[in-house]
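Structure first, commentary second.
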Amino acid sequence: MIQIRDLHKHFGDLHVLKGINLDVNKGEVLSVIGSSGSGKSTLLYCLNNLEQIQQGSVHVDGINVHAKGTDVNKLRQKLGMVFQQWNSFPHLTVLENVSLAPRIVKGKSKGEAIAMAEKQLKHVGLGDKLKHYPNSLSGGQQQRLAIARALAMEPEYMLFDEATSALDPEKVGEVLDTMRLLAEEGMTMICVTHEMGFAKEVSDRVAHFHQGIMEEIGPPEQIFGAPQSEHTRKFLANVR
Amino acid sequence: MQDSISFFTGFGINDLLFLGEAALKTLWISALSIAIGTLLGTFFGWLLHEGKLVASFTIAPILDVFRSVPLIIQLVLFYNFAPIIGLNFDPFASGVVILTFYTAALVASVARGGIEAVPASMRRASRSLGISYWQDLFYVVLPIGGRAVFPAWIGVVLGVMKDSALVSVLGYVELLKASQVLITRTQEPLLILAIAGAFYFALSYPISRYANKFEQRWSK
Chain A
1 MIQIRDLHKH FGDLHVLKGI NLDVNKGEVL SVIGSSGSGK STLLYCLNNL
51 EQIQQGSVHV DGINVHAKGT DVNKLRQKLG MVFQQWNSFP HLTVLENVSL
101 APRIVKGKSK GEAIAMAEKQ LKHVGLGDKL KHYPNSLSGG QQQRLAIARA
151 LAMEPEYMLF DEATSALDPE KVGEVLDTMR LLAEEGMTMI CVTHEMGFAK
201 EVSDRVAHFH QGIMEEIGPP EQIFGAPQSE HTRKFLANVR
Chain B
241 MQDSISFFTG FGINDLLFLG EAALKTLWIS ALSIAIGTLL GTFFGWLLHE
291 GKLVASFTIA PILDVFRSVP LIIQLVLFYN FAPIIGLNFD PFASGVVILT
341 FYTAALVASV ARGGIEAVPA SMRRASRSLG ISYWQDLFYV VLPIGGRAVF
391 PAWIGVVLGV MKDSALVSVL GYVELLKASQ VLITRTQEPL LILAIAGAFY
441 FALSYPISRY ANKFEQRWSK
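Top line first, the protein sequences correspond to chains A and B. Heads up: the first sequence at position 131 corresponds to 131 in the working numbering, and the numbers run straight through without jumps. Numbering-wise, the working numbering comes out as the position in the second sequence, counting from 1, plus 240.
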C-alpha cells in the first residue's frame, strides 16, 4: 500500500505539489489526469525517491521513502517505472536490456536473469525480438521493452508516466493493450495519462490534478460522469 | 687515395634495427602514458561533471595549464626543476609523468563530454530499476558515453603518440632521437626521416583502422 500524507514539493520558487493526501491500495489501478504542469508526473517521481520532497511523507508498504536510512535502491525494486521517453539502453540487445538489472541489482545468475527477461519479453509480445538492438524497434515496441524491463524486477507497483505521450498515434494502442493486460493480471498501477478512454475503462479510481492540488478523486463513473469539482468539469470539457 | 678516417658512414641494416628498437620505445612510452593518463583523465572528467563548482576552481585550471602550455616546455621544465624538490627522474620517467598528465588533461574534457552525452532521462530510468549510482556509471554511462566520445579519444591517442617525439629533447632515445643520431652519423636526413615517418605511420595506422572497425560495429 502506498500512503501519501501532506506531500509538498517545490522546485525553487515553484510550488509543484501543495499538500497531497492519497492512499493507493494493492491491486488497484489509479489513473492520474490533469493538464501539463499540474504536478502529476512529479508525484510519481516522489514515490520512488527520484525527487526529494520538502514536507510530508510517502510510505510504500510501510517504508518511509524519504527517510535518511532508507535503502532507495532496494525500495525502487518494488516500484517499476515507465517513462514518457522509453530510454532503452542502445548498447544492449533487447534481451540484455531486460536482464541487466535482475543480474546486477538482484544478483541473479546470468541464466536466471535471461530466463526472467525472456518471460517478461514474451509477456509484452516481444518474444521474437530478443537478439535485436533497440534502434531497430518502433517506438511502441521500445515502450513495451521498457515495461518488460521494469517487470523483470518483479515490482509490486507499476508507475506509468505518460507512457504513450511520445508515441506515434498508431503505436499508442499496443502499449495501452499491454498496460490493460497488466491491470487484468492484478498489478497495482498508477498511470499518469492523457488517454481518457484508458482511464475511464481500466481504472478503479481516477484522480484529477489541478495546479498542484488533487482536485477530485473517485471512480471513473463519477469523474467522467458527474464530476463534483468545477476545475475537473472544465478540464474534461476541454479534453473532449 | 686511401680512405682517410671516415667520419660519416652509410645507412646499414643495423641502423634499421636501431630505428625499430627506438620505435618500440616510442610505442612503450606512449602506451604507458596513454593508459595511465586515460584512467586519470576519466577520473578528472567525472570530477568536472559531478563537482561542477568545486572542480572548476581546483582541477580545471590545472588541466588548462597542461592543455595549453606546449609539451616541449612542460618536459624541459619538469626534467630540470623536479630534482630541486627531490624528484630525480631519468628522461624516460620524466617523459611518462608529463605525457601522462598531458593525456589526462586532454582526456578529462573528452570524458566529461562522454558523461554528458548520456541523457539525464536515461540515467533516471536506470536508477528507477534499483541500479545504484556506481552501477549506473559502469553499466550505462561508460558504454554509452564511451562510444559517443571514442573517436575523440582515438584522436587524443594518435596525438599523444606523435607528441611523444618531444621526449627526445630530454635525451630519451625514442624514434625521433634515434633518427637524429643516425642523421648526424650518415648525413642522410631525407632517407632516415622518411623511414622514421614510416615507423610512426606503422604505429598509428593500425590504431585508426581498428578504431574505424569498432565504430562501424557499434553504429549498426
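Cβ atoms here follow ideal geometry from the backbone N, Cα and C, with glycine treated the same way.
Contact set between residue i and chain B, taken where Cβ atoms lie within less than 8 Å
i: H91/A; result: P383, I384, R387, W458
i: L126/A; result: Going along chain B, no residue has its Cβ under 8 Å from L126/A, so there is no contact; the nearest lies around 17 Å.
i: A150/A; result: S368, L369
i: N21/A; result: Those within 8 Å of N21/A in chain B number zero; the least Cβ separation is about 24 Å.
Cα-Cα separation, residue i to residue j
i: L279/B; j: A345/B; result: 11 Å
i: L167/A; j: G139/A; result: 6 Å
i: Q314/B; j: F329/B; result: 14 Å
i: A117/A; j: A152/A; result: 6 Å
i: A360/B; j: V407/B; result: 42 Å
i: K68/A; j: H15/A; result: 23 Å
i: P331/B; j: I432/B; result: 24 Å
i: Q456/B; j: P391/B; result: 11 Å
i: V400/B; j: G277/B; result: 10 Å
i: F251/B; j: S419/B; result: 11 Å
i: I423/B; j: P429/B; result: 5 Å
i: G27/A; j: N48/A; result: 18 Å
i: E185/A; j: V202/A; result: 12 Å
i: R180/A; j: L50/A; result: 26 Å
i: L377/B; j: D71/A; result: 19 Å
i: W86/A; j: S165/A; result: 11 Å
i: Y373/B; j: L256/B; result: 52 Å
i: C46/A; j: V60/A; result: 11 Å
i: Q143/A; j: L182/A; result: 14 Å
i: G291/B; j: P301/B; result: 14 Å
i: M241/B; j: I253/B; result: Note that M241/B has pLDDT 47, beneath the 50 cutoff, so the model's placement of it is unreliable and the number below is only indicative. Approximately 28 Å, taken between the alpha carbons.
i: I371/B; j: P383/B; result: 15 Å
i: W458/B; j: I447/B; result: 17 Å
i: K122/A; j: G34/A; result: 33 Å
Residue from the options with nearest C-alpha to residue i
i: G19/A; options: V58/A, S31/A, N25/A; result: V58/A
i: A438/B; options: A263/B, I253/B, T249/B; result: A263/B
i: R307/B; options: P429/B, T340/B, W268/B; result: T340/B
i: V309/B; options: S273/B, N254/B, Y342/B, Y373/B; result: Y342/B
i: S273/B; options: S459/B, K402/B, T426/B, L430/B; result: K402/B
i: D23/A; options: F11/A, L50/A, L182/A, G62/A; result: G62/A
i: F11/A; options: L30/A, Q54/A, I4/A, S31/A; result: Q54/A
i: A115/A; options: T93/A, P102/A, G125/A; result: P102/A
i: M189/A; options: P227/A, I147/A, L100/A, K129/A; result: I147/A
i: L92/A; options: R149/A, H123/A, S109/A; result: R149/A
i: L369/B; options: I104/A, K110/A, S136/A; result: I104/A
i: E106/A; options: Q375/B, M362/B, F258/B; result: Per the sequence shown, residue 106/A should be read as Lys rather than Glu. Of Q375/B, M362/B, F258/B, the residue nearest in Cα terms is Q375/B.
i: Q222/A; options: V206/A, M214/A, E174/A; result: V206/A
i: V305/B; options: L287/B, I338/B, L327/B; result: I338/B
i: L267/B; options: L287/B, Y450/B, V336/B; result: V336/B
CB contact flag (residue i, residue j, <9 Å)
i: Q84/A; j: V98/A; result: no
i: G395/B; j: G354/B; result: no
i: E162/A; j: S41/A; result: yes
i: L303/B; j: S334/B; result: no
i: F209/A; j: G39/A; result: yes
i: P90/A; j: P134/A; result: yes
i: L398/B; j: S366/B; result: no
i: L7/A; j: N25/A; result: no
i: G281/B; j: A357/B; result: no
i: I312/B; j: V413/B; result: no
i: T193/A; j: F224/A; result: no
i: V204/A; j: L30/A; result: It should be noted that the sequence gives Asp, not Val, for residue 204/A. Their beta carbons are under 9 Å apart, which means D204/A touches L30/A by this criterion.
i: V127/A; j: T178/A; result: The sequence shown places Gly at residue 127/A, rather than the Val named in the question. Cβ atoms of G127/A and T178/A: not closer than 9 Å.
i: L95/A; j: L130/A; result: yes
i: L17/A; j: G218/A; result: no
i: V381/B; j: R364/B; result: no
i: V239/A; j: M187/A; result: no
Listed by chain order, chain B residues near residue i by CB distance under 9 Å
i: M153/A; result: L369, G370
i: F83/A; result: S361, R364, A365, S368
i: R76/A; result: R367, S368, L369, G370, I371
i: L236/A; result: Chain B residues near L236/A: none, gap ~30 Å exceeds 9 Å.
i: L50/A; result: R364, R367, S368
Cross-chain neighbours of residue i in chain A, by beta carbon under 8 Å
i: V380/B; result: F89
Where residue i meets chain A, residues with beta-carbon distance less than 7 Å
i: Q375/B; result: I104
Neighbouring residues, chain B, relative to residue i (Cβ below 7 Å)
i: L100/A; result: Y379
i: N97/A; result: Per Cβ cutoff of 7 Å: no residues; N97/A is ~10 Å from chain B at best.
Residue i CB to nearest heavy atom of the ligand COA below 8 Å
i: I104/A; result: The ligand COA is absent from the structure shown, which contains no ligands of any kind.
Segment contact flag, the region 78 to 88 of chain A with the region 152 to 170 of chain A, C-beta cutoff 8 Å, min 3 pairs: yes
Validate contact between the region 224 to 237 of chain A and the region 291 to 299 of chain B using beta carbons, cut 8 Å, 3 pairs: no
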